[in-house]
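Protein chains in written order, with my numbering: chain Z, 1 to 439; chain E, 1 to 439; chain H, 1 to 439; chain R, 1 to 439.
Protein chains: 4
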Amino acid sequence: MATKQGLKIAVIGGGSSYTPELVEGFILHYNELPVRELWLVDIDSGLHKLNIVGNLAKRMVEKSGLPIEVHLTTDRRQAIAGADFVSTQMRVGMLAARGRDESIPLKYGVIGQETTGPGGMMKALRTIPVLLDVCKDIEELAPDAWLLNFTNPAGMVTEAIIKYSNVKSIGLCNAPIGLIKQASAKYQVAPDRVYAEFVGLNHLHWITRIDVEGEDKLDEMLADTAGYSAKNVPACEWNPEFLQSLRALPSYYLKYFYMTDEMLKEQLDSHNKGINRAEVVKRVEEELFELYSDVDLQDKPKQLEQRGGAFYSEAAVNLMRSLYNGTNDIQTLNVANNGILDFLPDNASIEVNCVVTKNGPLPLPLTKIPPSAVGLIHAVKTYEQLAIDAAVTGDRGLAIQAMAHHPLVPSVGIAIKMLDEMLEANKEYLPRFFTPESV
Amino acid sequence: MATKQGLKIAVIGGGSSYTPELVEGFILHYNELPVRELWLVDIDSGLHKLNIVGNLAKRMVEKSGLPIEVHLTTDRRQAIAGADFVSTQMRVGMLAARGRDESIPLKYGVIGQETTGPGGMMKALRTIPVLLDVCKDIEELAPDAWLLNFTNPAGMVTEAIIKYSNVKSIGLCNAPIGLIKQASAKYQVAPDRVYAEFVGLNHLHWITRIDVEGEDKLDEMLADTAGYSAKNVPACEWNPEFLQSLRALPSYYLKYFYMTDEMLKEQLDSHNKGINRAEVVKRVEEELFELYSDVDLQDKPKQLEQRGGAFYSEAAVNLMRSLYNGTNDIQTLNVANNGILDFLPDNASIEVNCVVTKNGPLPLPLTKIPPSAVGLIHAVKTYEQLAIDAAVTGDRGLAIQAMAHHPLVPSVGIAIKMLDEMLEANKEYLPRFFTPESV
Amino acid sequence: MATKQGLKIAVIGGGSSYTPELVEGFILHYNELPVRELWLVDIDSGLHKLNIVGNLAKRMVEKSGLPIEVHLTTDRRQAIAGADFVSTQMRVGMLAARGRDESIPLKYGVIGQETTGPGGMMKALRTIPVLLDVCKDIEELAPDAWLLNFTNPAGMVTEAIIKYSNVKSIGLCNAPIGLIKQASAKYQVAPDRVYAEFVGLNHLHWITRIDVEGEDKLDEMLADTAGYSAKNVPACEWNPEFLQSLRALPSYYLKYFYMTDEMLKEQLDSHNKGINRAEVVKRVEEELFELYSDVDLQDKPKQLEQRGGAFYSEAAVNLMRSLYNGTNDIQTLNVANNGILDFLPDNASIEVNCVVTKNGPLPLPLTKIPPSAVGLIHAVKTYEQLAIDAAVTGDRGLAIQAMAHHPLVPSVGIAIKMLDEMLEANKEYLPRFFTPESV
Amino acid sequence: MATKQGLKIAVIGGGSSYTPELVEGFILHYNELPVRELWLVDIDSGLHKLNIVGNLAKRMVEKSGLPIEVHLTTDRRQAIAGADFVSTQMRVGMLAARGRDESIPLKYGVIGQETTGPGGMMKALRTIPVLLDVCKDIEELAPDAWLLNFTNPAGMVTEAIIKYSNVKSIGLCNAPIGLIKQASAKYQVAPDRVYAEFVGLNHLHWITRIDVEGEDKLDEMLADTAGYSAKNVPACEWNPEFLQSLRALPSYYLKYFYMTDEMLKEQLDSHNKGINRAEVVKRVEEELFELYSDVDLQDKPKQLEQRGGAFYSEAAVNLMRSLYNGTNDIQTLNVANNGILDFLPDNASIEVNCVVTKNGPLPLPLTKIPPSAVGLIHAVKTYEQLAIDAAVTGDRGLAIQAMAHHPLVPSVGIAIKMLDEMLEANKEYLPRFFTPESV
């Protein structure tokens with residue numbers, strides 16, 4: 001990278017409503033991350049949105065006065081060729097598929113969620129082959145590029161890339177940075193004075209240490225979990241006696257596992273009232289694109305922060321800056337395990353604190369692993385491994401095994417029935433499962 | 001052992017209805033296992049049964065003409081002193097406690113089972129401290145003795161002994177020998193021409209290879225699972241597509257995990273009809289003891305084979321013979337993991353094929369581990385580790401963690417409510433949970 | 001194997017003077033190991049010896065009256081096609097190369113030995129490519145065959161096959177069976193009443209337990225090491241205080257490492273007197289072949305037992321019988337580590353007790369590992385890994401690393417000079433090191 | 001630490017000639033490391049030197065105007081009580097013992113060196129018990145203190161503390177920082193623009209990556225090793241072909257292993273010329289103390305930099321600053337392995353890059369491990385483990401095993417003779433080896 005004049009960045013899924021945040025990040029941090037070319041790329045059916053958000057990006061850059069070129073394209077290969085960083089933020093099947101992921105399981109009395117459970121599995125089956133295609137382009141056209149993957153289920157996608165490609169890839173989630181921000185707000189200190197240790201997988205982590213200016217605040221945080229949640233997860237309350245004996249703060253996604261009954265009830269209530277998280281998001285997005293279309297708008301609109309994926313772009317820009325400058329700072333990332341959790345294979349993806357060196361992230365050894373968490377981590381990882389291999393092969397037997405072994409799925413019988421319905425509903429996006437041979 | 005004239009054997013829980021089988025085994029195999037003294041020991045409240053079954057034992061020995069002394073006693077220390085083998089087959093709280101283990105969970109919509117789930121956990125909490133007391137006696141009075149543990153949950157009891165005592169201990173179950181017998185019958189060959197490889201934990205194993213005279217019959221056995229069951233597990237049918245893609249034969253206990261909904265329905269149906277497995281067993285036992293009381297009876301009555309625990313004594317006598325003679329034959333036992341399942345700690349108990357040497361069993365490396373099984377094994381082991389430590393310490397927080405992390409328990413909320421009711425119902429047998437300090 | 005009428009066996013290097021022992025074994029154990037075809041195969045330059053020893057083999061079989069066909073051939077592929085077992089006993093470069101392996105290092109003040117040190121390394125460089133060629137034939141023509149490898153350095157050859165072929169291979173040495181025989185003679189018991197536990201690598205093992213009829217005799221054996229040696233290793237005496245604190249009996253090959261100075265002195269003395277082990281062996285062989293040529297000879301001549309490689313054939317026939325019948329007995333073999341020595345990679349070859357099942361040997365976990373031995377095992381394994389990769393690639397850099405890191409080589413400077421001379425002396429047998437590119 | 005007004009620091013062996021460097025460091029970095037009390041402690045026989053160097057320290061502080069109290073004492077417990085940091089820099093037996101460590105092995109044709117080989121072993125036997133006594137005081141009087149250990153052999157001392165005490169301890173060496181300085185000078189960049197990865201043990205490491213401003217300069221450094229040496233290691237030249245195929249830069253201490261013959265020759269030449277490194281150091285020290293005695297001296301004299309232990313104090317102050325402030329920067333330290341080198345036990349000390357957090361150093365995973373180095377690392381670690389246990393127990397058998405298994409010791413026979421002479425020569429400092437029972 002050193003010899004070029006500035007960096008080339010390709011954003012796959014560049015028509016996303018999140019893009020203005022990313023652009024704002026590039027503008028703010030231009031000094032440490034000199035972007036020369038920003039390529040926003042999307043598929044044909046996303047061209048309309050790409051143009052709207054891309055033109056906003058151009059107006060933002062113009063206002064900044066910085067020498068960043070913004071390119072809009074549907075030619076993925078052109079965008080990737082020679083890139084220094086590729087980021088992905090895609091949604092195969094769009095919000096309609098998400099709606100099905102969330103609603104079909106409910107019919108079977110099972111949690112319907114976009115990144116875990118049967119819904120997350122379907123998202124993985126649809127998404128992993130597409131991402132591996134992107135990786136083939138990167139291997140060919142930008143073999144030294146870093147792939148920053150925000151596409152969910154980010155942990156599984158990252159593991160698929162580790163196993164089935166040679167691309168240097170890192171998975172990213174906004175949950176860890178969100179926890180840091182929350183503690184920073186609570187204790188009125190700068191975020192860099194908060195150090196939290198994360199153990200587990202993407203959307204399945206436990207926080208075992210929260211140091212604020214060097215003092216351990218875990219017990220205080222366990223006693224006050226009200227603020228630690230996310231837009232897309234209902235707000236059931238943790239049992240204090242449970243948290244105290246767990247001695248770790250679970251990710252809010254763990255409510256699906258620890259409070260399955262209440263979470264399911266809430267999902268069914270919402271569903272019966274006709275509320276549909278995918279629909280809500282769809283409407284928010286439509287409103288955002290209406291704003292973005294305003295040719296006088298030259299900044300990221302505030303409303304974007306309500307969108308749910310706060311800090312995603314901050315996480316992305318932070319990571320690119322650290323990789324580019326070799327800052328050796330600590331970030332929480334999804335990377336290959338390589339012995340950090342000694343009960344998982346080296347090529348399993350985990351979510352863990354890493355030192356970000358010029359040569360990539362080095363995961364830090366864990367100082368505490370909650371004994372209670374180990375089995376659940378391994379049970380979910382087993383499902384993930386099976387589902388990844390199912391996605392790559394289109395093997396129905398592997399898909400049955402994955403579904404039947406997900407801890408949220410109550411029996412083999414339900415697993416198979418639900419799988420059949422969900423495969424059928426996703427037929428369009430799962431060619432590997434519906435080739436003549438496999439039927 | 002070599003210098004003594006014959007062996008001393010102590011049977012803790014000697015008043016059990018199984019004892020005649022054991023005595024029959026000692027008589028049949030006297031040549032390879034020369035028993036000099038057989039000590040049947042029980043607690044005061046079991047004295048009546050001990051006398052009935054003990055006198056039958058004496059009549060059986062007398063008929064055989066062998067120089068075996070049979071001693072009946074409630075003095076455990078006298079029985080253990082200088083023993084070569086100690087075997088345990090006890091039921092702390094007796095069948096009444098089992099009845100509660102099986103029925104209370106049903107109120108919460110949870111599987112009620114004597115060795116797994118909330119019921120198995122209660123059994124572990126009651127039993128482990130008693131077994132560790134037996135171990136203290138063995139450490140003091142018979143430090144070279146082998147402890148053969150049949151007391152359920154046998155895997156957890158064995159692990160507790162590994163972790164908290166120095167006694168040389170082996171856990172035993174009749175399920176593996178049962179599978180061998182079934183294949184032997186199906187293929188009309190001698191049992192020693194069947195070789196099966198077991199992977200997993202006690203009551204949670206998968207069979208990955210069934211060689212009959214050197215030919216792999218796994219696929220055939222997967223296609224015909226009808227015969228592979230047990231008296232105490234209802235006979236739901238396996239889904240053939242699931243078995244085929246699993247590529248391993250699951251223990252019938254795994255139906256509680258793989259067919260939770262059907263198994264629960266069956267349990268609730270039985271319960272609503274007033275059927276109660278503990279009651280059924282109680283009645284069978286009463287009938288057996290009536291038979292045993294017949295002073296003309298000099299043999300093990302055939303009815304004992306209906307009792308459900310078939311092959312237990314065969315397993316015990318086989319193991320003692322192999323240890324005594326150093327036969328280096330292969331048996332399926334519960335022993336310390338020591339790296340066999342590389343994702344579990346060395347001191348976890350596992351159920352695995354072992355070569356039985358004069359110096360104890362050496363576990364054999366596994367040739368296949370079903371990828372689907374790994375997560376569930378680890379999830380149940382995590383529960384077991386937490387429950388063992390709860391049993392030893394009486395720590396309520398550990399008990400909450402154990403219950404909440406059992407894969408059959410649907411949520412933290414239910415876990416805590418159910419635990420509270422079950423602890424209270426077992427108060428008499430759980431002094432460590434009800435000391436003044438811990439309340 | 002089950003469907004055929006008897007077994008096909010191919011012996012690569014069938015013109016060896018050892019062959020009559022092997023033939024005697026097949027005759028003695030025909031009932032348990034029904035050999036239908038025995039193919040003795042050798043290279044063109046060995047045809048003369050092949051014919052002599054092959055005709056003796058035919059006479060021996062004829063005398064036995066058994067329906068074994070003996071084939072003599074230089075067509076390796078024909079011999080291997082459809083074989084059930086392939087055994088190898090070859091010497092690339094013959095005794096002349098061995099002479100150079102043993103003498104060149106002495107010029108540099110370094111131990112000259114045929115299986116370890118610089119000499120063993122040269123033997124590995126010459127032999128491994130040839131064995132891997134044999135493996136390619138087996139992969140193609142007899143993919144289900146077991147390869148029993150006696151070719152030294154047997155541990156390194158076995159590891160090369162594990163890493164660079166798919167052939168099912170087992171390495172064999174006569175040292176373990178020799179130790180058993182020695183203890184059996186000393187204590188006047190049958191060999192199967194002796195159980196010894198071996199830890200380490202081929203020609204680099206320690207014995208940590210010697211049970212004679214179940215009683216541990218290690219201390220007695222440590223106090224009386226006189227009998228434990230071999231024809232090809234000079235008889236320096238162990239220091240008793242050292243053995244006692246080591247708490248394990250080292251292989252006699254370990255004298256090269258533990259008594260380097262004395263062993264070197266003895267080698268130099270012999271060398272200066274004109275004594276040359278390779279020459280001695282050559283003369284013994286010539287005498288043997290003279291005997292074999294006697295057309296009246298119909299039995300293995302007694303003189304063969306003086307040859308040095310006693311028990312090799314016994315070891316081979318034992319192993320074939322156990323594999324064929326699935327006897328599950330315990331033998332000491334060279335197999336893939338797979339976690340037995342947890343500090344070595346899974347694909348390292350180790351010498352370890354195994355249960356020999358129908359599906360191959362399963363290594364037994366070690367009950368004791370001498371703490372002192374660990375570093376030396378790893379140092380020699382590191383050399384072996386480097387030398388194997390050098391043999392396969394012909395990479396001079398790897399050869400330098402291997403030589404320089406062998407514990408018997410005193411410095412990098414000597415390593416490189418000695419390597420240069422030895423490579424040159426072996427030029428004819430090392431085409432990979434002398435291609436135009438690599439010069 | 002947060003609640004106190006400034007830090008208390010205890011320097012065990014405070015009378016060392018290095019102390020002025022440490023004091024200079026505290027003065028320069030007072031802002032980030034506010035030292036309130038500096039306790040220099042020494043034994044009675046070192047009181048004269050302690051007073052000289054302590055009074056210089058007082059004058060240096062006075063000149064700085066900072067509110068640091070300097071205390072001189074022989075009461076170790078008073079110095080340690082309540083300390084935040086304890087550092088040790090001691091030499092049990094003083095330079096006379098070092099002289100014997102270096103000269104006795106030469107009689108046996110073995111390298112005589114103060115930190116490795118027989119000499120280093122003797123130093124370990126003398127030093128470890130004393131350090132463990134210091135640790136007992138820290139456990140009692142300053143349980144939260146960090147122990148920074150500079151006392152050689154620093155790796156073995158650190159491992160002894162890990163195994164036999166509960167003190168939070170870190171071992172430090174000046175070699176890593178020296179390499180950074182050398183690269184920084186060579187490439188004319190600030191030291192923090194150089195990133196080097198170290199693999200191995202104290203005084204036995206390999207450098208596998210040297211990034212200068214993000215560019216890998218390893219190959220250049222391998223080609224130009226002239227500058228990379230130390231005062232106490234003779235300057236034999238590396239073989240370039242060896243370094244190139246090793247693909248790592250070895251520590252200059254590795255010359256004792258890789259160029260044993262040349263290094264030994266050089267040692268014998270010096271010895272025969274009457275040159276004695278211990279004597280040279282002794283004279284340098286006398287000159288330094290003469291300078292220190294000058295009551296007008298208020299600064300660290302330049303001559304100290306010639307002393308050989310350059311950067312020791314810089315390393316110490318850097319580490320204290322990072323621990324105190326939780327800077328999360330990367331330093332090369334001796335810490336518990338905990339899985340970083342997966343072939344060594346978790347409690348082995350290794351020398352590795354660590355992120356220094358407020359809660360202590362977290363070792364970073366290694367990105368490359370030179371395959372050639374693995375065996376030698378393990379061989380030396382095996383010696384270290386045996387020698388540590390010998391030091392703690394005074395067990396002669398363990399000492400024989402340690403000596404005989406050191407890669408620099410040529411045979412068991414020499415090991416025992418040399419050990420006997422060296423134990424006798426160190427009798428005064430090895431009470432555990434000369435109690436009535438052990439004689």
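In this text, a Cβ means the ideal position worked out from N, Cα and C, and glycines have one as well.
Can you grab the Cα-Cα spacing for the pair residue i / residue j, in whole Å?
i             : j             : result
residue 2/R   : residue 82/Z  : Caution is warranted here: a pLDDT of 43 is assigned to residue 2/R, below 50, making its placement in the model unreliable, and no coordinate value can be reported.
residue 439/H : residue 396/H : Reliability of the predicted coordinates at residue 439/H is poor, the pLDDT of 41 falling under 50, and no value is obtained from them.
residue 430/R : residue 127/R : 9 Å
residue 290/E : residue 100/E : 26 Å
residue 35/R  : residue 158/Z : 47 Å
For residue i, does the three-state DSSP call read helix, strand or coil?
i             : result
residue 363/Z : strand
residue 168/Z : strand
residue 47/E  : helix
residue 342/Z : coil
residue 312/R : helix
residue 17/R  : coil
residue 324/E : helix
residue 198/H : strand
residue 300/Z : coil
Just reading off the alpha helix (DSSP H) that residue i is part of, what are its end residues?
i             : result
residue 91/R  : Counting along the chain, residue 91/R falls outside any alpha helix (DSSP H), and DSSP gives it neither H nor E.
residue 77/Z  : 76-80
residue 388/R : 373-393
May I ask which residues mark the beginning and end of the beta strand (DSSP E) holding residue i?
i             : result
residue 352/E : 349-357
residue 408/Z : Note, residue 408/Z: premise wrong, no beta strand (DSSP E); not H, not E.
Residues within the stretch 338-366 of chain R neighbouring chain Z, beta-carbon criterion of under 8 Å: 338, 339, 340, 342, 355, 357, 358, 359, 362, 363, 364 and 365
Looking at chain E, which residues of the stretch 186-199 of chain H have a Cβ within less than 8 Å of any of its Cβ atoms? 195
Note down, in chain order, all residues in the stretch 305-337 of chain E with a beta-carbon under 8 Å from any beta-carbon belonging to chain H. 326, 328, 329 and 330
Stretch pair the stretch 372-380 of chain H + the stretch 200-212 of chain H: three plus CB contacts closer than 8 Å: yes
Please identify, using Cβ separations under 8 Å, the residues of the stretch 4-29 of chain E that lie next to chain Z, in order along the chain. none
If contact is defined by three or more beta carbon pairs under 8 Å, each pair taking one atom from either stretch, is the stretch 131-144 of chain R in contact with the stretch 298-306 of chain R? no
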